[in-house]
Each structure stands twice: as structure tokens, then as C-alpha cells.
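J.:
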Amino acid sequence: MNQRYLPLAATIAIFLIAYAVCIAQYPNMLSTRVMGNLLTDNAFLGIAAVGMTFVILSGGIDLSIGAVIAFTGVFLAVLLQSTAIHPLAAFVLALVITTAFGALMGAIIHHLEMPPFIVTLAGMFLARGMAFVLTIDSIPIRHPFYATLKSLYYTLPGGGRITLIGGLMLLVFAAGILVAHRTRFGANVYALGGGAATAQLMGVPTGRTTILIYALSGFLAGLSGIVFSLYTSAGYSLATVGVELDAIAAVVIGGTLLTGGSGFVAGTLVGILIQGLIQTYITFDGSLSSWWTKILIGALLFAFILLQKGLIQFTGRRRRHA
Amino acid sequence: MTSALKAYAVRLLPQAAALAVILVMVSLAFPGFFRLEMQNGRLYGSLVDILNRGAPVALLAIGMTVVIATKGIDLSVGAVMAICGAVAAACITSGHGLATTLLITLATGILCGLWNGILVAVLDIQPIIATLVLMVAGRGIAQLVTEGAILTFNDPGLIFIGSGALLGLPMPVVIWLAFGIAVALLVRRTALGMLIEALGVNRRAATLSGVSTGVLLIAAYMLSGLCAAIAGIIAAADIRGADANNAGLWLELDAILAVVVGGTSLLGGRFSIAASLIGALIIQSINTGILLSGFPPEFNLIIKAAIIVMILIIQSPRAQSAFAFLSRPRAEDGKTEQEAK
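The listed protein sequences derive, respectively, from chains X and H. Counted the way the working numbering counts, the first sequence spans residues 1 to 322. Counted the way the working numbering counts, the second sequence spans residues 1 to 341.
#1: Would a check of beta-carbon distances place residue 125 (chain H) closer than 7 Å to chain X?
#2: Locate the alpha helix (DSSP H) running through residue 298 (chain H), then write down its first and last residues.
#3: Might you give, ordered along the chain, the residues of its own chain that have their beta carbon closer than 8 Å to the beta carbon of residue 308 (chain X), omitting 5 neighbours on each side?
#4: Thinking residue 222 (chain H) and residue 117 (chain H) are a contact (beta carbons under 8 Å), I'd like their distance in whole angstroms, please.
#5: In chain order, what residues of the same chain have a beta carbon less than 7 Å from the beta carbon of residue 99 (chain H), not counting five sequence neighbours either side?
#6: In angstroms with no decimal places, state the Cα-to-Cα distance between residue 125 (chain H) and residue 217 (chain H).
#7: Name, going along the chain, the residues of the region 270-300 of chain H whose beta-carbon falls closer than 9 Å to a beta-carbon of chain X.
#8: Mind checking if residue 15 (chain H) is an interface residue toward chain X, Cβ cutoff 7 Å exclusive?
#9: Starting from residue 104 (chain H), follow the alpha helix (DSSP H) in both directions and report where the run begins and ends.
#10: Looking at C-beta atoms only, is the number of pairs between the region 228-238 of chain X and the region 275-284 of chain X that lie closer than 8 Å three or more?
#11: Within 10 angstroms of its Cβ, does residue 56 (chain H) collect 16 or more other Cβ (buried), or is it exposed?
#12: At a Cβ threshold of 7 Å, is residue 57 (chain X) touching chain H?
#13: Listed from N- to C-terminal order along the chain, which residues in the region 140-167 of chain H have their beta-carbon within a distance smaller than 7 Å of any beta-carbon of chain X?
#14: Within 10 angstroms of its Cβ, does residue 310 (chain X) collect 16 or more other Cβ (buried), or is it exposed?
#15: Indicate whether at least one CB of chain X lies closer than 7 Å to the CB of residue 9 (chain H).
#16: If you draw a straight line from the alpha carbon of residue 230 (chain H) to that of residue 107 (chain H), how long is it in whole angstroms?
#17: Who does residue 163 (chain X) pair with in a DSSP beta bridge?
#18: Answer with buried or exposed for residue 31 (chain H), where buried requires no fewer than 16 other C-beta atoms within 10 angstroms of its C-beta.
#19: At a Cβ threshold of 7 Å, is residue 65 (chain X) touching chain H?
#20: At least one CB of chain X closer than 7 Å to the CB of residue 83 (chain H): is that the case?
#21: Quick one: which unbroken alpha helix (DSSP H) runs of 4-plus residues sit fully inside the region 240-310 of chain X? Chain order, please.
#22: Any C-beta of chain H sitting closer than 7 Å to the C-beta of residue 133 (chain X)?
#23: State the DSSP-derived secondary structure class of residue 31 (chain H), mapped to helix, strand or coil.
#24: As a quick exercise: from H:155, H:219 and H:199, pick the residue whose alpha carbon is nearest that of residue 210 (chain H).
#25: Out of H:247, H:160 and H:265, state which residue places its alpha-carbon closest to the alpha-carbon of residue 65 (chain H).
#26: DSSP beta-bridge partners for residue 152 (chain H)?
#27: Give, in chain order, every unbroken run of the alpha helix (DSSP H) that is at least 4 residues long and sits entirely within the region 32-117 of chain X.
#28: Should residue 75 (chain H) be flagged as near chain X, meaning a C-beta pair shorter than 7 Å?
#29: Among the residues of its own chain, which have a CB less than 7 Å from the CB of residue 92 (chain H), if the five just before and after it don't count?
#30: If we count Cβ pairs, one from each stretch, closer than 8 Å, do we get three or more for the region 224-244 of chain H versus the region 157-173 of chain H?
#31: How would you call residue 6 (chain H), buried or exposed, if buried means at least 16 neighbouring beta carbons within 10 angstroms?
#32: Residues of the region 254-276 of chain X with a CB closer than 8 Å to any CB of chain H: list them in chain order, please.
#33: Residue 195 (chain H) lies in the alpha helix (DSSP H); which residues open and close that run?
#34: Comparing alpha-carbon positions, which option in X:59, X:161, X:237 and X:226 lies nearest residue 130 (chain X)?
#35: Nearest to residue 26 (chain H) by CA position, among H:38, H:47, H:309 and H:259, is which residue?
#36: Kindly list the residues whose CB is nearer than 8 Å to the CB of residue 149 (chain H), restricted to its own chain and excluding five residues on each side of it in sequence; keep chain order.
Below, the structure is given as C-alpha cells:
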């Protein structure tokens, strides 16, 4: 098997083993209902994590996505409450704003040569601040169109439901995989992550690619915000604090190197599912406290970093001998 | 010596000027800003308040400066603050003396730093990921210590650290000033600072020229852990309880900002602890100033973001090279490498 696929294979193996352990303890977890809920509950995180995967593949980082998700939710809630605009138009408007916001951050990172960490940190403050300015209250969304969207689902055999947002996450992942591996933009992202100087010498348009990557991340964060507002039917400026960390953790657990240039969008999906599985297990158990989620995810992160480290050293040594 | 002092003043000038501008702006919006009063042998006033409220970020910035100078970053300091606050509260409520409690707490912080340091130096993991592990798991560990509740305590000794006063100044101010001066002297009066900068600019070259980079790296992260422990004790002593969920939340970002605003490059190398401390004061002045000047607090984050972006754009390599045309060329700015991306 190709060395590149080892981290992905390890992630999938760990998910399957963990799921098997869960089922052995709680046989009820083997149901399409649990699977469906796993998708629905993590839909917003998954969609944002696809954007984060592209950013990390290019060697950057985007700390603003949690704030952008919250901003989108508040923006939609305020817009739908105070105007008669149709939700679909509001969705488009929100996506335009978040995409432009991401592109602006990308432009600053490229043209002013500032580290993505600091630029997106300022972006996080700005987006969260805009949400605060719109409102500091939690505003419910009671539009009938929301009720229609929420009532859409596909019933799986066994009573499980793939809701609209769960399905949308799967679609976004499918699109992300296609873009990463079947388009020129995807190849450029990998090249940029492999080394900016090398990419430039190869003729990769680094400026345009950087801006597009952060615009994509902004767009997906906006989409994730829409999904989150559908999921909670409300907009609250203090929501989704720290989602960027969960997304980064999912990307790393999914086998993507934080140094950039190597990894798979599909791995991130498995990373999301592993995090969701831990939470589901803790819910099923009932006696375990919520903080074990954090400790377990931290331990998993550590294990995957070690695994990748070992793999890199292993392949490096083999290449030297060859 | 005077020339060294002059170079020092030139280095701190942009940060000091930015701080002065912000303070003057706040005083325009809030006339009584510079008033200081002596009551019961203790200074009161908005300026003292800024020094006092800024204590945790200032302490974190000390350790963060050294870590960033080694070309690293420590994302775990906020979580380590929570762990140490929890440990301090748990120790003092289970009947240990003040000295034992402080010792155990500081040792916990150093241990957290040791863990980060080993991941970075021995296992050779990228600092941002290595410290992410403890950042994610740390709050869980802190909640494990406090068992999910907010552990309150009423030991007068421990509370004194958070709200007491020494020489007219609040205790947290005395602590961060003294600790900052001690660390700055330690790195600048010995070769340590130079070795750290060598390590940050090029680790391989530093190793080849005989610097024990591994030990130095681990020591940098241990210092950062120690700073986080002290900040954690102050934060817990201030509210007389350990809040595992909120103690030090997002302070790692403020500390990193303080260092960057202080002009230390995230790419490692030259650093200045004094500039980072001024950076921490700039951030706290913005926070306090926005509250005092009567802006709605909702605008707090936007104004903060705008000011930070302005300071960063002025410091960015592109702007620097534009300035270079206007002023005489400076030898110290060699950091326009492609790595900046």
C-alpha cells in the first residue's frame, strides 16, 4: 500500500475499532438512528472542517471560523427578524459577506506577508465583534421556511434519518474531495503546502491560490453558519466559541500534516466522526463527565501526531537506504 | 553602556509611542484617567487598574516571548493557567499550607512546560501542534481536578496574592514587574538571550556551533509553564476560586498578540521582554480604555481588532521595506523570507 494512505488507513481503523468497542458495550449504538444523529449533530463542524482542511493543506491556519459561524447565525437571525427578505436571499447575502471576508484575510496574508495565525486571529476578533454589534441577545428564528427545511429528511432502513444538514455535510465533503484531487486549484493547494518558494518557482499563482483558499474557508464557514442556524433555529453572538480548535483537531486526527502539503479531505470526515463518536459514547454511558471528551480528544491528537512522526521517519529512512 | 541604553530606547520607541497615544486618546474621552489616589497606603486609579488587570497577560507574555524567540509558540498557556488554578485551590482546600500549595502549583506549571518542551525538542513536533494537545486536553484535566465545580477557598495568604498590596502597588503588579525584570536580567546579563536568539534563527546552525539547543528549548517551554502557573495563581486568588472553564480562556491569544505587538517576530530570533510587556499594557489599555470612555462594550472587539491590524500593518515586512526608503536602512530586518507564509 502507498505510504501516503497509511495515516488515513490508521484513522479509519481507529474509528472502526472504537465503534466496535462502543457496540460491544452498548449494542444499541449499532443503529442507523445513531449514525444519522452523528451526521446531523456534527454537520456544521464538518462543513467548517472541510475549509480548514484546505487551509491546513496549504500550510496556513484559520482561527476565525468559529467567530464567522456565530456572525452568520446572528446576521441571519437579525435579517429575518427585522426585514421581510426570503431566507434563501439572506443565505446568499451571508455567503457573499463571509466569502469576501475570507478573501480579504487571504489578501492581507499574501500581500502584507503577515503570518496567517495573527491575521486570522484579528479576523476572529472582528467577526465576533460584528456579531456583538448586531445584537448581544439570542434571537430565535421563526420563519416558516426554516420549519420546511428542518422537516426534510431521508429515512434509512432502521428508522435513522439523514437530515438536510447531515446530507449537506456529506455533499460538501464529496465536493471537497473532488476539488482537492481533481482540479488545478487542488493541486496548487498541495504545492503551496509543500513549500511556498518551490510552488512559486513551479509557476503556481501563489497569490491567487492563497486568496482563494481563505475565501473558500470563509465561504464554508458561512455555509456552516447557515447549517448551525438551521440546527439551533436561533442566532447568538456567543455561540460556537472554539469551533476552530475542534476543526483543527478533526483535521489532524484525519491524518493531515499541520505543516501542510499532505493529507486527505476524506480523513477529516473520519476525524469528525471519531469526535462525534466519543461524545455519543459519553452520552450513552451517562456517568462519564463531559470533560473526558476533551481529555480523550487531546490524547487522540497526541497519538496521531506520534503516528505521523513515526511514519515520516520510517519513510525518510527507507528513502535514504533506497 | 550609554549607547546600549540608547539602542534599548530606540527598540522600545514604537511600542512606547503606541501606548502613549492610546493613553492620551482614552484620557480625552475620560478626563479623570490619569488621576492617582493614595488610600490606606495603596494607590488607586485607572492606571493602576490597567497594571493590575493586565497582570495575567503580562506574565504569560514573558514566557511567550522566550518561546516565540526560539521560533516556537505556546498555545497551552491558558489551559495551564486553568490547571494550576485548580491545583492551587485543591491543595489549599485539602489543608496544605500556603508554601506547599505554591510549590506544588508552580511545579505543576513547570511540569506542563516540560511536557510541551519534550514534545517540541525531543520528539521534534511542530510547536503549534505540540502545544495544541495540552490546550485541548488541559481544560479537561483542570475540570478533573476541580471535579467540574468552581472550587472556592478563603485562605488569607492565597487571597493576598490576588488582591493584597505591597509598597502601595497591588500584589499582581509587584509580581509581574519583579518576575519580568528577573527574567529580562537573566537572559540579557548572561549569554542565555543570545543563545536563544541563535536557536530561533537557525536551530541546526546553533546546534553545530555547540549550543545545547535541546535543553534550551525545553527550558523555554518550562519558563512559559512557570509563567502560566503564576498567572493561574493570580487569576484564581483574584476571584477566590478556581474556574476550570473560564480561567485564562483565550489569554494565550492575548499573550501572543502582546508579543507580536511588542515587535518580536513569530519567525523567531531577536526578542525583547520589555517590549512584550509594553505590548501587554497596550492590549489592557485598549480593553480598559474602551470600557472607561463609554463606548458600548459591543464595540470592544472591533476596536481591538482595528487597532491591532493597524499596529501589525505598520510592522509588516512590506511596510517595513517601504519605510526603509524613507529612513536610513536598518540592519536588523532580515525577515522577509518566503517562510513568512
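Even for Gly, the Cβ is constructed at its ideal location relative to N, Cα and C. Just so it is clear, the structure is predicted and the values come from calculations on it, not from any experiment.
T.: On the basis of the coordinates in this document:
#1: Walking along the second sequence from the start, residue 125 (chain H) turns up at place 125. Interface residue, yes.
#2: Within the second sequence, the letter at position 298 stands for residue 298 (chain H). Here residue 298 (chain H) belongs to no alpha helix (DSSP H), and DSSP marks it neither H nor E.
#3: By 1-based counting over the first sequence, the position of residue 308 (chain X) is 308. The answer, listed in chain order, is 7, 255 and 257.
#4: The count along the second sequence starts at 1 and reaches residue 222 (chain H) at position 222. The count along the second sequence starts at 1 and reaches residue 117 (chain H) at position 117. Yes, residue 222 (chain H) and residue 117 (chain H) are in contact; Cβ-Cβ is about 6 Å, under 8 Å.
#5: Working through the second sequence from its first residue, we reach residue 99 (chain H) at position 99. Hits under 7 Å: none found.
#6: The count along the second sequence starts at 1 and reaches residue 125 (chain H) at position 125. The count along the second sequence starts at 1 and reaches residue 217 (chain H) at position 217. Roughly 12 Å between the two C-alpha positions.
#7: Hits within the stretch, in order: 296, 297, 298, 299 and 300.
#8: Here residue 15 (chain H) refers to the residue found at position 15 when the second sequence is read from its first residue. Not an interface residue.
#9: Walking along the second sequence from the start, residue 104 (chain H) turns up at place 104. First-last of the alpha helix (DSSP H) with residue 104 (chain H): 98-121.
#10: Verdict: no, contact absent.
#11: Residue numbering aside, residue 56 (chain H) sits at position 56 when the second sequence is read from its first letter. Residue 56 (chain H) comes out buried.
#12: Counting from 1 along the first sequence, the entry for residue 57 (chain X) is found at position 57. Chain H contact via Cβ: absent.
#13: 140, 141, 143, 144 and 148
#14: Residue 310 (chain X) sits at position 310 when you count from the first residue of the first sequence. It is exposed - the Cβ of residue 310 (chain X) has fewer than 16 other Cβ atoms within 10 Å.
#15: Working through the second sequence from its first residue, we reach residue 9 (chain H) at position 9. It does not; no Cβ of chain X falls within 7 Å.
#16: Numbered from 1 along the second sequence, position 230 holds the residue referred to as residue 230 (chain H). Numbered from 1 along the second sequence, position 107 holds the residue referred to as residue 107 (chain H). Answer to the nearest angstrom: the Cα atoms are 11 Å apart.
#17: To locate residue 163 (chain X), count along the first sequence from 1; it is residue 163. Note: residue 163 (chain X) sits in a beta bridge opposite X:153.
#18: Within the second sequence, numbered from 1, the residue matching residue 31 (chain H) stands at position 31. So residue 31 (chain H) ends up on the exposed side.
#19: Locating residue 65 (chain X) in the first sequence gives position 65, counting from the first residue. By this cut-off, residue 65 (chain X) is not an interface position.
#20: Mapped onto the second sequence, residue 83 (chain H) falls at position 83. No - not a single Cβ of chain X is within 7 Å of the one on residue 83 (chain H).
#21: 243-253 and 265-285
#22: Taking the first residue of the first sequence as 1, we reach residue 133 (chain X) at position 133. Closer than 7 Å to some Cβ of chain H, the Cβ of residue 133 (chain X) qualifies, so yes.
#23: Position 31 of the second sequence, counted from the start, is the residue given in the question as residue 31 (chain H). DSSP places residue 31 (chain H) in helix when its eight states are reduced to three.
#24: As a working mapping, residue 210 (chain H) is identified with position 210 in the second sequence. Out of H:155, H:219 and H:199, the CA that lies nearest to the CA of residue 210 (chain H) is found in H:199.
#25: Locating residue 65 (chain H) in the second sequence gives position 65, where the first residue counts as 1. If we check each option's Cα against that of residue 65 (chain H), H:265 comes out closest.
#26: Taking the first residue of the second sequence as 1, we reach residue 152 (chain H) at position 152. Bridge partners of residue 152 (chain H): H:241.
#27: 32-41, 43-57, 65-82 and 87-111
#28: Counted from its first residue, the second sequence places residue 75 (chain H) at position 75. Judged by the 7 Å Cβ criterion, residue 75 (chain H) is not in contact with chain X.
#29: Along the second sequence, one-based indexing puts residue 92 (chain H) at 92. 101, 153, 155 and 158, listed in sequence order.
#30: The answer is yes - the region 157-173 of chain H touches the region 224-244 of chain H, with three or more Cβ pairs under 8 Å.
#31: The count along the second sequence starts at 1 and reaches residue 6 (chain H) at position 6. Per the 10 Å Cβ criterion, exposed.
#32: So the close ones are 258 and 259.
#33: On the second sequence, position 195 is the one that residue 195 (chain H) refers to. Per DSSP, the unbroken alpha helix (DSSP H) holding residue 195 (chain H) starts and ends at 192-201.
#34: Within the first sequence, residue 130 (chain X) is the residue found at index 130, counting from 1. Comparing Cα positions, the closest option is X:237.
#35: As a position in the second sequence, residue 26 (chain H) is number 26, starting the count at 1. Considering only alpha carbons, the answer is H:47.
#36: Your numbering for residue 149 (chain H) matches position 149 in the second sequence. Same-chain partners within the cutoff: there are none.
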